[in-house]
Every structure is written in structure tokens, then in C-alpha cells.
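In this note's numbering, the protein residues as written are 3 to 247.
Just so it is clear, CB atoms sit at the ideal spot from N, CA and C, and this is done for glycine as well.
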């Protein structure tokens, strides 16, 4: 039996298990399964590995994309540069970390036909997903600013967005936080939505619900919107390829 799975917390409404179970069924793959491993502490990964010797690979989601690195035996070069892992491949008992988020996002962004040569971005959030987005924007030479709850030398606070013309000058907005994710669908980032217009592109990595409050508010002001569903499919397929090559 070949086993794959997902670690994170919580996982009740995760996309991955349904996606991979459908893939396994459609491709008529016997003796292959994909399970959720909901753990409230990332150190429990070791128990999962010990209890499931058939495991060949894992996806990693919130809130462990950065913390899990300390338990791994190695990182590929891209994951090392990003500082975040969303895919683990188990090779001869060794746990090797990869990041497919950045490629999944890059494909989805380019597929959206955003005018990347003439745009600047605001990245909402500074967690593991944010690091993959930063890496991709650097690859594409898109300048960006980080937005967080508190300001620092490298970050701007949400409060400061109301005092500057940043939203007017940054037409690509990317939400990397779980704000607005099911079941908390009425939550949304505190932005000055009066500055949003039809020149904005708003990308929300959240995919459940398909149209978050953030996307709805921005769409009502003429912005082009996109959720994280396509990105998730892209990164899932890249994970699958990594596990099976």
C-alpha cells in the first residue's frame, strides 16, 4: 500500500483529501490512499511517520509550513530559499522538504494575464504562504510591500494603509492569510476599500468559500478577482509528481 496525506490544523474543510481521492479513483490506482493527519502540534509528525511506514509523501498546510522545517532531514534548494515547506517526500526514511506553492501561484498568476511588467503588489500576511508568494514576485520582478498587523522596517501595518496612497499605487493585492476562510466567512482584511477600483487585481489564496468577503468587496468596486483554487490544483499536481518520480 502506498500512502500519502496532509498534515495541518484544522483539516475539517481541507481540499486535498477529496482532490487526491478523486484522482486515485479516476486513474484506477490500486493500493494507493490519501489521508488527513490533523495534528495540534507539529512535533506529532514523528508519531505519524512511525505509525505509518507505508507513507511516501505529505502535504503541509496551516499552521506548520515554517515550523515543520526543524523536523526534516533536508530541503531542496528552492524550499531552502523560500523558508517554507508545503510538500514532504519520504525517501529511505528521510524527510525531504519541497515547496510547490510558489510554482502553483506563478502558473495561476500568469494564467490570469496580470500586466506584470507594469504593476506593484501588496502581500497581506507574513506566514509560510507569504514567503512562497514573495519568492515568485521576486522571480517575476514585481515590486511588493508586506502588510501585517504590526509595522516594522520590512512591514507596513493595515492601519497605515488608511494613511497612505499605497492601495492606489499597488494594483495587485494578494491575501496569503486565512482571513475569510470557512467557517469564518464574514471576516475580511481591514483595508480602505474606497481606494479599490477597476485597475486592481485581487488574488485571495483562500478557496473556501470560492468568493471570500475580501473578493466580494473588491469586485463590487470594479476590481478583477481570483481565488486560490487553481493555485491549489497546480501545487497538488506538482506534489504528486514529486512523490511519484
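Rounding to the nearest angstrom, what Cα-Cα distance links residue i and residue j in this structure?
i, j, result
"residue 179", "residue 127", "5 Å"
"residue 79", "residue 246", "19 Å"
"residue 34", "residue 125", "37 Å"
"residue 175", "residue 54", "41 Å"
"residue 187", "residue 177", "14 Å"
"residue 211", "residue 6", "25 Å"
"residue 157", "residue 181", "18 Å"
"residue 21", "residue 237", "12 Å"
Report yes if the CB atom of residue i is closer than 9 Å to the CB atom of residue j, and no otherwise.
i, j, result
"residue 219", "residue 229", "no"
"residue 193", "residue 160", "yes"
"residue 57", "residue 51", "yes"
"residue 85", "residue 155", "no"
"residue 240", "residue 63", "no"
"residue 8", "residue 61", "yes"
"residue 234", "residue 99", "no"
"residue 203", "residue 173", "yes"
Ignore the nearest five residues each way along the sequence and tell me which others in residue i's own chain have a CB closer than 8 Å to its CB.
i, result
"residue 45", "73"
"residue 26", "34, 35 and 36"
"residue 113", "232"
"residue 69", "44"
"residue 171", "122"
In this structure, how does DSSP classify residue i when only helix, strand and coil are distinguished?
i, result
"residue 28", "helix"
"residue 134", "helix"
"residue 21", "helix"
"residue 225", "coil"
"residue 198", "coil"
"residue 236", "helix"
"residue 160", "helix"
Is any non-hydrogen atom of the ligand MN found closer than 8 Å to the C-beta of residue i, if you look at the structure I gave you?
i, result
"residue 161", "Absence of the ligand MN from the depicted structure is noted, as is the absence of any ligand whatsoever, leaving it without description."
With DSSP as the reference, please indicate the residues paired to residue i in a beta bridge.
i, result
"residue 39", "9"
"residue 177", "126 and 206"
Keeping to the same chain, check which residues put their C-beta closer than 6 Å to that of residue i; ignore five residues upstream and five downstream.
i, result
"residue 232", "110"
"residue 146", "123, 125 and 139"
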